[in-house]
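Participant:
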Amino acid sequence: LNTGCVLRFDEKGRILESLWDQAGEKHPMITSMREHKGILYLCGIFNNRMGTLPLKGVDPNWFSSDSYWGKKP
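Residue numbers (the working numbering): 14 to 86.
#1: Could you check which residue in Gln35, Ile52, Leu53 and Arg47 has the C-alpha nearest to that of Gly17?
#2: How big is the Cα-Cα spacing for Met42 and Ile52?
#3: In chain order, what residues of the same chain lie with their CB nearer than 8 angstroms to the CB of Met46, ignoring the 5 residues before and after it?
#4: Taking buried to mean at least 16 other C-beta atoms within 10 Å of its own C-beta, is His40 buried or exposed?
#5: What does the alpha-carbon distance come out to for the pair Glu48 and Val71?
In structure tokens form, the structure reads like this:
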């Protein structure tokens, strides 16, 4: 199975959105992702590229996991 997938959850663990590369052409086997200032970065240990996806409806200033727990930089 070489299908890329990223899920977005809410604070209660409910799936809000799923992103797929079912053909495994752009981003197969995603092993890591990171949100930074409104952009989702997608990577994989066997990929020769990094994907970027602009996110809608997110805080464009968010850049740290501390934000999840109410801390502000």
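Every residue gets a Cβ at the ideal spot worked out from N, C-alpha and C, and that includes glycine.
Facilitator: The structure says:
#1: Gln35
#2: 19 angstroms
#3: Val19, Leu53, Tyr54, Leu55 and Cys56
#4: buried
#5: 10 angstroms
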